[in-house]
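Taking it in order: structure first as structure tokens, then the write-up.
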Amino acid sequence: MNIINELVKIAKLDKEILALILFGSITRQENLNDSDVDICIILKSREYSAKHLSYKKLKYLKEFNLDIQIFQQLPIYIKKRVMKEGKILFCKDEDEMYKIAFKTMEEFTDFEHIYRDYLKEVAHAG
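Take any residue in the sequence shown, note its place counting from 1, add 2, and you have its number in the working numbering.
Have a look at this one:
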């Protein structure tokens, strides 16, 4: 059994996990032999303390040699990328997943002009 299948099997038993998404260079088919495997854990919609989110991430990082991120801890522009480019490995509730995706896109739309201005400044600074 490969490591991703093992992660999916264990994550399905975790009552807080809504979905697992594969993202990054591997889903864009830009991965090289030394590329890491990026996995995003999406937790069910509720409030989590920063400590709890970090604990959850560390729990899975200790068990699996993968680059694991918690969706709720990511910056909005990375959340958008996960939603746009990611491949869902499993999802417990598609309606809840849709709501999270829709909210993410709304938040990114509100933030996008700031993000674009920042990228322009960075490009001109070099």
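No residue lacks a Cβ here, since even glycine has one placed at the ideal position from N, Cα and C.
Measure the CB-CB distance between residue i and residue j and report whether it falls below 8 Å.
| i | j | result |
| --- | --- | --- |
| residue 24 | residue 76 | no |
| residue 45 | residue 98 | no |
| residue 68 | residue 28 | no |
| residue 40 | residue 26 | yes |
Can you tell me where the alpha helix (DSSP H) holding residue i begins and where it ends?
| i | result |
| --- | --- |
| residue 20 | Taken as a continuous stretch (DSSP letters only), residue 20 belongs to no alpha helix (DSSP H), being part of the beta strand (DSSP E) at 19–25. |
| residue 82 | 78–87 |
| residue 16 | Here residue 16 belongs to no alpha helix (DSSP H), and DSSP marks it neither H nor E. |
| residue 114 | 96–127 |
If you draw a straight line from the alpha carbon of residue i to that of residue j, how long is it in whole angstroms?
| i | j | result |
| --- | --- | --- |
| residue 111 | residue 102 | 14 Å |
| residue 85 | residue 108 | 12 Å |
| residue 94 | residue 13 | 10 Å |
Which residue comes first and which comes last in the beta strand (DSSP E) that contains residue i?
| i | result |
| --- | --- |
| residue 43 | 40–45 |
| residue 69 | 69–72 |
Under the assumption that residue i contacts residue j (Cβ atoms under 8 Å), give the Cβ distance between them as a whole number of angstroms.
| i | j | result |
| --- | --- | --- |
| residue 78 | residue 59 | Actually they are not in contact, since the Cβ atoms of residue 78 and residue 59 sit about 18 Å apart, beyond 8 Å. |
| residue 62 | residue 80 | Not really, about 17 Å apart at Cβ, beyond 8 Å. |
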